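Using the working numbering, the first residue of the sequence shown is number 4, and each one after it goes up by one.
C-beta atoms are modelled at their ideal positions from N, C-alpha and C, and glycine is treated no differently.
Given the structure is predicted, the values throughout are model-derived calculations rather than measurements.
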Amino acid sequence: MRALHASILAVLAGLAVSSCGGGVSSVAEKNKTFYAYDTASSDLIEQFEQPYPPLDLRAEPPQLPYRGVSVLNGHVHVSRPTEWVLRKASNEPGQRYVQYVSPKEYVFSVYEWPDHPDAPWREVIARYEDNAKASHAELLEQRIPMATWNTQARAYVVRRRVPGAKAPYVNTSVELLARSDRRIVLVQIVHQGETVAELTGELLRVVDTLALE
């Protein structure tokens, strides 16, 4: 487990972003069912995030408290910082996703991956890489072995050029392709600063607790 933690820390610490704007490019951007939750009611938010108390973590300042939640229609459990804001989500079968924004200026997203969980791992990885390259993404680091609570995963550092109003801007993210016996998800972490090295402590718990039903 210590080696896995070291891998997570190394990947997160190595994420550098060079940009002239903010945003995230992913397969889910083509999903027209996106909804902005900046001013949504609690009843609406609860359709996409339910409490999962076993992963709650109370803490006193300066430690960060965490809230255990179930997302993607209850198929994914994770412990997230309480200060995160749910920004976008969808429960459309086959295209479920959830996206959070942190006041520390990073975005954390989980996307349902379309491959069947029985598909050979090498084929799942190959399709992810082909999809990334088809979108003109550059894989800076790839296939780094990792794990979450009940998944095996491969980590990537990905650079993309995202169209902007005046000119494209560069977007760099840490992405985890994670699978259990029952499903596969893509986790994406995008930061707008120079590095997320100072955030590895709080993100480590998020990645460690990610569990797929």
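Here Lys136 carries a helix assignment [DSSP, helix/strand/coil].
Checking the DSSP bridge columns, you'll see Phe51 has no partner listed. A straight line joining the alpha-carbon of Arg61 with that of Gly71 spans about 11 Å. Residue burial annotation: Pro56 is exposed, with fewer than 16 other C-beta atoms found within 10 angstroms of its C-beta.
In the three-state DSSP reduction, Arg185 falls in the coil class, being neither helix nor strand. Residue environment for Arg163: buried (at least 16 other C-beta atoms within 10 angstroms of its C-beta). In the three-state reduction of the DSSP assignment, Gly71 falls in the strand class, which pools E and B. By the neighbour-count criterion, in which 16 or more other beta carbons inside 10 Å mark a residue as buried, Arg83 falls on the buried side. Asn76 and Gln50 have their C-alpha atoms roughly 8 Å apart. Of the candidates Ser138, Val190, Glu115, Val190 places its Cα closest to the Cα of Ala150. Secondary structure of Pro57 (DSSP, three-state): helix. Contact between Arg157 and Ile128 holds: CB atoms are separated by about 6 Å, below the 8 Å threshold.
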